[in-house]
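Student:
Numbering (our numbering), first residue to last: 82 to 159.
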């Protein structure tokens with residue numbers, strides 16, 4: 082949970098909740114509450130006995146494993 086601004090100041094302020102597959106942001110200004118676009122998602126790699134993206138996952142892992150520590154540090158953006 083992040084709070085931006087001072088809720089008691091009378092000035093615009095907002096809050097944001099972020100999670101693995103969740104982003105909810107709200108701004109309060111001029112007596113109104115505005116919710117920005119909200120994201121709720123999932124990333125199913127498998128459902129039941131069926132799986133997806135096996136080749137893509139393996140290619141990504143091979144790429145990351147081929148990088149030096151310095152390259153890996155630059156490649157990872159979160």
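Ideal placement from N, C-alpha and C gives every residue a C-beta, glycine not left out.
(1) Quick check for students: name the residue ranges of the beta strand (DSSP E) that lie wholly in the segment 103–159, counting only runs of 3 or more.
(2) Taking the alpha carbon of residue 121 as the point to measure from, which residue in 150, 106, 132 has its own alpha carbon closest?
(3) Rounded to the nearest angstrom, how far is the Cβ of residue 95 from that of residue 109, given a contact under 8 Å?
(4) Mind checking whether residue 127 and residue 102 have CB atoms under 7 Å apart?
(5) CB-CB under 8 Å to residue 145, same chain, minus the five flanking residues each way: which ones, in chain order?
Tutor: Well, looking at it:
(1) 103–110, 113–116
(2) Here residue 121 corresponds to residue number 40 of the chain shown, with the count starting at 1. The residue with the shortest Cα to Cα distance from residue 121 is 106.
(3) On the chain shown, position 14 is the one that residue 95 refers to. On the chain shown, position 28 is the one that residue 109 refers to. Confirmed, Cβ separation roughly 6 Å.
(4) Here residue 127 is taken as the residue at index 46 of the chain shown, counted from 1. Here residue 102 is taken as the residue at index 21 of the chain shown, counted from 1. Contact: no.
(5) Residue 145 sits at position 64 when you count from the first residue of the chain shown. Only 153, 156 meet the Cβ criterion.
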